[in-house]
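Colleague: So the protein sequences, as listed, match chains S and A.
Be aware that the first sequence starts at 50, since it is given in my numbering, and climbs by one per residue.
Be aware that the second sequence starts at 104, since it is given in my numbering, and climbs by one per residue.
Each residue gets a CB set at the ideal place from its N, CA and C atoms; glycine is no exception.
It should be emphasised that the depicted structure is a prediction, and the values quoted were computed from it without experimental measurement.
Would you mind keeping the following structure in view while I ask a few things?
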Amino acid sequence: MTAALHAVKPRDFHIVRFAGDSGDGMQLSGQQLTNSVGSAGFDLSSMQDFPAEIRAPAGSTYGVSAFQLQFGGTRVRTPGDSPDVLVAFNPAALKVSLPLIEPGALIIVDEATFTDRQLRKAGFDHNPLQGNTLADFDVYPIDITGQTLEALRALDMKRPDAIRCRNFFALGFLLWTFDLPRQTLIDWIDERFESLPTIRAANEAAVNAGHAFAETAEVGHLFERQTVDEVPLDAAEYRTVRGAEAIALGLAAVSRLADTHLMFCSYPITPASSILHELANARDPAVSVFQAEDEIASCCAAIGASYAGSLGVTSSSGPGIALKAEAIGLGIASELPLLIINSQRAGPSTGLPTKTEQSDLLQALHGRHGDTPLPVVAARSPADCFRAVIDASRTALRHMTPVILLIDGYLTNAAEYSRLPEVDRLEPIWTSRQLADNLPDHAAHDRLFKRDAASLARPWAIPGTHRLMHRIGGLETDISSGHISYDPANHQAKTDLRHEKILKVADFLPVETLVQGEPQSQVLVLGWGSTYGAIFEAVRGEIADGRSVAQAHFRFLHPFPPQTEEFLATFDRILIPEINMGQLATLLRSELPRVAERIVQYNQVTGLPFKVQEIRDAIRGLFTDD
Amino acid sequence: MTKSDYKTFATDREVRWCPGCGDYSILKSVLQALADTGSRPENTVFVSGIGCAARMPYYIDTYGFHTIHGRAPAIATGIKLANPALEVWVVTGDGDGLSIGGNHLLHLLRRNIDINLLLFNNETYGLTKGQMSPTSRIGTRSPSTPEGSIARPASPCGFALGSGATFIARGIDVDQKGLPVLLHEAKAHAGTSFVEILQNCIVYNKDVFAPVTDKKRADEWQVRVEHGKPLLFGARREKGLRLNPRALALEVTQNLDEVLVHDETNATLAALLIALCPPLPMAFGVIHRRSEPMFDAAFQVIEKSGEAPSLDALVRRATIHDHRQAAIDEK
Numbered sequence: 050m051t052a053a054l055h056a057v058k059p060r061d062f063h064i065v066r067f068a069g070d071s072g073d074g075m076q077l078s079g080q081q082l083t084n085s086v087g088s089a090g091f092d093l094s095s096m097q098d099f100p101a102e103i104r105a106p107a108g109s110t111y112g113v114s115a116f117q118l119q120f121g122g123t124r125v126r127t128p129g130d131s132p133d134v135l136v137a138f139n140p141a142a143l144k145v146s147l148p149l150i151e152p153g154a155l156i157i158v159d160e161a162t163f164t165d166r167q168l169r170k171a172g173f174d175h176n177p178l179q180g181n182t183l184a185d186f187d188v189y190p191i192d193i194t195g196q197t198l199e200a201l202r203a204l205d206m207k208r209p210d211a212i213r214c215r216n217f218f219a220l221g222f223l224l225w226t227f228d229l230p231r232q233t234l235i236d237w238i239d240e241r242f243e244s245l246p247t248i249r250a251a252n253e254a255a256v257n258a259g260h261a262f263a264e265t266a267e268v269g270h271l272f273e274r275q276t277v278d279e280v281p282l283d284a285a286e287y288r289t290v291r292g293a294e295a296i297a298l299g300l301a302a303v304s305r306l307a308d309t310h311l312m313f314c315s316y317p318i319t320p321a322s323s324i325l326h327e328l329a330n331a332r333d334p335a336v337s338v339f340q341a342e343d344e345i346a347s348c349c350a351a352i353g354a355s356y357a358g359s360l361g362v363t364s365s366s367g368p369g370i371a372l373k374a375e376a377i378g379l380g381i382a383s384e385l386p387l388l389i390i391n392s393q394r395a396g397p398s399t400g401l402p403t404k405t406e407q408s409d410l411l412q413a414l415h416g417r418h419g420d421t422p423l424p425v426v427a428a429r430s431p432a433d434c435f436r437a438v439i440d441a442s443r444t445a446l447r448h449m450t451p452v453i454l455l456i457d458g459y460l461t462n463a464a465e466y467s468r469l470p471e472v473d474r475l476e477p478i479w480t481s482r483q484l485a486d487n488l489p490d491h492a493a494h495d496r497l498f499k500r501d502a503a504s505l506a507r508p509w510a511i512p513g514t515h516r517l518m519h520r521i522g523g524l525e526t527d528i529s530s531g532h533i534s535y536d537p538a539n540h541q542a543k544t545d546l547r548h549e550k551i552l553k554v555a556d557f558l559p560v561e562t563l564v565q566g567e568p569q570s571q572v573l574v575l576g577w578g579s580t581y582g583a584i585f586e587a588v589r590g591e592i593a594d595g596r597s598v599a600q601a602h603f604r605f606l607h608p609f610p611p612q613t614e615e616f617l618a619t620f621d622r623i624l625i626p627e628i629n630m631g632q633l634a635t636l637l638r639s640e641l642p643r644v645a646e647r648i649v650q651y652n653q654v655t656g657l658p659f660k661v662q663e664i665r666d667a668i669r670g671l672f673t674d675d
Numbered sequence: 104m105t106k107s108d109y110k111t112f113a114t115d116r117e118v119r120w121c122p123g124c125g126d127y128s129i130l131k132s133v134l135q136a137l138a139d140t141g142s143r144p145e146n147t148v149f150v151s152g153i154g155c156a157a158r159m160p161y162y163i164d165t166y167g168f169h170t171i172h173g174r175a176p177a178i179a180t181g182i183k184l185a186n187p188a189l190e191v192w193v194v195t196g197d198g199d200g201l202s203i204g205g206n207h208l209l210h211l212l213r214r215n216i217d218i219n220l221l222l223f224n225n226e227t228y229g230l231t232k233g234q235m236s237p238t239s240r241i242g243t244r245s246p247s248t249p250e251g252s253i254a255r256p257a258s259p260c261g262f263a264l265g266s267g268a269t270f271i272a273r274g275i276d277v278d279q280k281g282l283p284v285l286l287h288e289a290k291a292h293a294g295t296s297f298v299e300i301l302q303n304c305i306v307y308n309k310d311v312f313a314p315v316t317d318k319k320r321a322d323e324w325q326v327r328v329e330h331g332k333p334l335l336f337g338a339r340r341e342k343g344l345r346l347n348p349r350a351l352a353l354e355v356t357q358n359l360d361e362v363l364v365h366d367e368t369n370a371t372l373a374a375l376l377i378a379l380c381p382p383l384p385m386a387f388g389v390i391h392r393r394s395e396p397m398f399d400a401a402f403q404v405i406e407k408s409g410e411a412p413s414l415d416a417l418v419r420r421a422t423i424h425d426h427r428q429a430a431i432d433e434k
């Protein structure tokens, strides 16, 4: 037994990466480590990195599924750049993970899998556990397969089933290594496998064996418990939340704040389906869930629900949003509230379905026929999805308009440790049902199109309401009577009204402020969406290094809050990192011409979130005297 | 039943179909059926897609939503699921319902949501100026098929039966006596009611159904089906339909003892009746009706059961799947 593990120093935070075959339970292992870490009171941020294939051929490099988790006693905002602990369940997992991990990292491998056949499949021409290939790392080979089989010998299990428990052995090993309690994991196993006593016993035996193995081998604790104790986190006020969970909670909040039933209509698509699953499992009577026959139907059913007095919500990823475009146009023409959630993924076409991207911003703004403006909102972190859903829904209901909420594949499935929202401090949501309630009781159609002055919303007159019968649709209608109109001047007036109505959204928005840094900084790093955490860490690091940098992060991409141009104009250079080819940069150049010259794009589309270091390098590139 | 005044359901809008269009008489039958069956305007919604038929909601003084091409069944589904107390009607056509919107129609029918759907079949795209439609017969000359169409036509009622429809009826636009009755039956049915209405497009496909629908020929070319009654036709109802057991098809017989009695619950018989076409008479009336669970009823049970938890309780749930509560309690 090697004692190499002692060489890894305890530190304030760790970045752990699980990697193995898609069928090895890597996502489950990662989630469970996340839960154990979270319940011990650490701050954390996680991400999934998995292939589109459900069960890719075993041992292949393209079938490697990975889960990365950063946790520590101080605020953690990203899943981390380079893991310092890698758990590789086979040679292929080691092969694809090596370029990602930092020198000096601890590599735990299941040495039983390092057979000639598996090595060949992974593309190794020799066994990397021998020789100098891994000289820069701390390698800790364990016969995880053999140890797991040994631990489960007393149970009546077939060998392949027993081998499947080896991720729990690894979890047990890591729990001891990081000095984390086993109870959270054991409780979860008890509940999850309640009806499968053999599997339950096997998984628990594997956890305990891994834990005992680490203890007996005296591998040492990688984590010093006092680090945790310094952080005054009241566990009852915090929770681990994934983006999809925060969306589901946000929608539940909207139903209560607006006193409105919600109907979530969706069609399965990666990675947006997580939200459908969360809501279906939440079983909240205030939020109905309908799986439609296709993307178009899911948007149309949501529009129907909104027409009938619920708030219709539809959710998809880029290809599905493209299919919904015509229906969204109907929502705009007929002025109904509608929330469209886009979990962006790498395109074009099917692209990289499981990989993240921010490349649907311009689609959200312009991806419809005709002049069809709508508000566009973006969430910045998994927990922020809660607040973003409320902001987007409030806008949809207040202005009677479809709203697009942009999240992405990374945000949807990533988790972070977050303070519980203070729900009694959330503002109630106004709906234009109130306008309809106050309408005079006579037959004239035009009553139903008299607008609220502040929001330009029309009354939300809902079927089932006495004496408010009226007809709406996708044909252009007269600005005052609501009847079909082909009049040229009326079409101009209605087009102007549709634009003005969306611009009115800005009247309700707070002006942009800095996230960090000084208003007179030389460089502003401006982002939107899920890049928030990486930009935050990068800017914080650069400020600490003495550079004149500030950070701003947009919530509303359309319309911009008042005085956004003036706000941006105080900076000499505006660096815009985006996981696309420059869509916010393009938008700003056309919408805010005064700042166009100051914009510097930083674009990368690898299907992965930015690393902190990449953004730091981009910032430093602007300081030429360095 | 005393006849109510159908005009109580009419709007003040000028009806804008071509003079002589079959839609005028269908509208009148619909207004009549609404009045006769005591529909409440504030509880009734007409939803349509795109096409000539889709203009109908503008002329009915209920709630109305003229939507986008082919999607009316999906929008109506959302309306009905959000408020099951509403009486929801969908008006569609052969192009809207069977071509661009075929998928939605399939799923509406298989879910058996309590919606009444009227499919006006005129075997052409009227609003876009007469191209062949999915129900156009082979050889139909149209602006897009100058040499005559080459695709086989779809059967609206056959599609409905294959999709699991629990109510299938066929009527004729100008049949002011029979059509309102079919609409009553459609409204009374619990589940999706599918009504195909042969509609005469006098501009682009004039008299395409005349060989069957012409009043002078009705006795010979129409068999009016009624549950429990023999499948008779002819001026003196002197002939009927019997089963040819070897061909598994219907055929005409003069021997009235052999005539089949209509059983609207029998899907196999429905398939045989739907397939009838010249030189055999076409079937009209309620061809198929059976009772099946409705999606909207089950949906309500799932979605509306139980008290909604407070927001505070929701966010304090450790995760929605409740992984972490134990750990917090432990501390």
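Looking only at C-alpha atoms, which of S:P568, S:L606, S:S579 and S:F616 sits nearest to S:S597?
Modeller: Measuring from the Cα of S:S597, the nearest candidate turns out to be S:P568.
Colleague: Between the segment 145–154 of chain A and the segment 188–203 of chain A, do three or more beta carbon pairs fall short of 8 Å?
Modeller: The segment 145–154 of chain A is in contact with the segment 188–203 of chain A.
Colleague: Quick check on DSSP: helix, strand or coil for S:P451?
Modeller: If DSSP states are grouped into helix, strand and coil, S:P451 belongs with the strands.
Colleague: S:T526 versus chain A: which residues are under 9 Å apart at the beta carbon?
Modeller: Chain A residues near S:T526: none, gap ~10 Å exceeds 9 Å.
Colleague: Would you kindly report the start and end of the unbroken alpha helix (DSSP H) that includes S:M75?
Modeller: M75 to S88 is the span of the alpha helix (DSSP H), which, as asked, contains S:M75.
Colleague: Shortest alpha-carbon distance to S:S530 belongs to which of A:D115, A:T111, A:D108 and A:S107?
Modeller: Taking only the C-alpha atoms, the option nearest S:S530 is A:D115.
Colleague: Using only CA atoms, which one of S:F116, S:E151 and S:I193 lies nearest to S:F186?
Modeller: S:F186 has its Cα closest to that of S:E151, out of S:F116, S:E151 and S:I193.
Colleague: Tell me, please, whether the CB atom of A:D145 is closer than 8 Å to any CB atom in chain S?
Modeller: This sequence places Glu at residue 145 of chain A; Asp is not what is there. Yes, contact with chain S.
Colleague: Got a sec? Which residues, its chain only, sit under 7 Å from S:Q76 by beta carbon, not counting five neighbours each side?
Modeller: Closer than 7 Å at Cβ, skipping near neighbours: Q97, F99, S114 and F116.
Colleague: Can you name the residues that DSSP bridges to A:H169?
Modeller: Paired residues: S:G522 and A:S151.
Colleague: Run through the segment 346–408 of chain S for me and flag every whole alpha helix (DSSP H) of 4 or more residues, listed as ranges in chain order.
Modeller: Within the segment 346–408 of chain S, the complete alpha helix (DSSP H) runs of at least 4 residues are 367–382.
Colleague: Taking the continuous alpha helix (DSSP H) assigned at S:K499, which residues delimit it?
Modeller: Element bounds for S:K499: n/a, residue is neither H nor E.
Colleague: Please confirm whether A:L372 and A:R345 have their CB atoms less than 8 Å apart.
Modeller: No, the pair does not count as a contact, with Cβ atoms beyond the cut-off.
Colleague: DSSP has A:L346 in a bridge; who is on the other side?
Modeller: Answer is A:L353.
Colleague: DSSP on A:T265, reduced to helix/strand/coil?
Modeller: One detail in the question is off: residue 265 of chain A reads as Gly in this sequence, not Thr. Here A:G265 sits in helix by DSSP.
Colleague: Which residues of chain S have a Cβ atom closer than 9 Å to the Cβ of A:I216, listed in chain order?
Modeller: Result: empty, since nearest Cβ-Cβ is about 11 Å, beyond 9 Å.
Colleague: I need the boundaries of the alpha helix (DSSP H) containing S:S579, first residue and last residue.
Modeller: Unbroken run through S:S579: none, as it is neither H nor E.
Colleague: Hey, would you say S:D440 sits closer than 8 Å to S:V425, going by beta carbons?
Modeller: No, the Cβ-Cβ distance between S:D440 and S:V425 is not below 8 Å.
Colleague: Can you tell which of S:T526, S:D527, S:A510 and S:S467 has the C-alpha that lies nearest to the C-alpha of S:H519?
Modeller: The candidate whose alpha carbon is nearest that of S:H519 is S:A510.
Colleague: When DSSP builds the beta bridges, which residues end up paired with S:V336?
Modeller: Paired residues: S:L311.
Colleague: If you measure between the beta carbons of S:L300 and S:V86, is that distance less than 8 Å?
Modeller: Going by C-beta atoms, S:L300 is not nearer than 8 Å to S:V86.
Colleague: Would you tell me roughly how many angstroms separate the C-alpha atoms of S:A154 and S:F163, rounded to the nearest one?
Modeller: Computed Cα separation, rounded: 20 Å.
Colleague: DSSP has S:E627 in a bridge; who is on the other side?
Modeller: S:N652.
Colleague: Kindly indicate the opening and closing residues of the alpha helix (DSSP H) around A:D276.
Modeller: First-last for A:D276: undefined, no H or E at that position.
Colleague: So, does the segment 160–178 of chain A touch the segment 352–366 of chain A, judging by three or more C-beta pairs under 8 Å?
Modeller: Result no; under three Cβ-Cβ pairs closer than 8 Å.
Colleague: Tell me which residues of the segment 155–177 of chain A have at least one Cβ-Cβ distance to chain S shorter than 7 Å, keeping chain order.
Modeller: Answer set for the segment 155–177 of chain A: P160, Y161, D164, T165, Y166, G167, F168, H169, T170, I171, R174 and A177.
Colleague: Between A:I449 and chain S, is there a C-beta pair that is closer than 8 Å?
Modeller: Residue 449 of chain A lies beyond the stretch modelled for chain A, which goes from 104 to 434, so this question has no answer here.
Colleague: Can you name the residues of chain A whose CB is closer than 8 Å to the CB of S:M449?
Modeller: Within 8 Å Cβ-Cβ: nothing; S:M449 doesn't reach chain A, min ~15 Å.
Colleague: Residues in the same chain with beta-carbon distance under 8 Å from S:K373, minus the five sequence neighbours each way, listed in chain order, please.
Modeller: Hits under 8 Å: E344, I345, S347, C348, T363, S365 and I389.
Colleague: Quick check on A:C72: buried or exposed, where buried means 16 or more other Cβ atoms within 10 Å of its Cβ?
Modeller: Within the shown structure, residues of chain A are numbered from 104 to 434, placing residue 72 of chain A beyond reach of any answer.
Colleague: For S:A137, which option in S:A89, S:L201, S:S71 and S:D92 has the closest C-alpha, if you only look at C-alpha atoms?
Modeller: When each option's Cα is compared against that of S:A137, the closest is S:S71.
Colleague: Check each candidate in S:F605, S:I521, S:G582 and S:H532 and name the one with the smallest Cα separation from S:P559.
Modeller: That would be S:F605, whose Cα lies nearest to the Cα of S:P559.
Colleague: Can you pull the chain A neighbours of S:H515, defined as C-beta to C-beta under 8 Å?
Modeller: Residues of chain A passing the Cβ test: E145.
Colleague: Could you say which of S:G172, S:T123, S:D159 and S:V134 lies nearest to S:K144 if we only look at CA atoms?
Modeller: Of S:G172, S:T123, S:D159 and S:V134, the residue nearest in Cα terms is S:G172.
Colleague: List the residues of chain A that S:C314 touches, going by C-beta distances under 8 Å, in chain order.
Modeller: Within chain A, the residues near S:C314 are G181.
Colleague: What separation, rounded to the nearest whole angstrom, lies between the Cα atoms of S:D545 and S:D495?
Modeller: Going by the C-alpha atoms only, they are around 19 Å apart.
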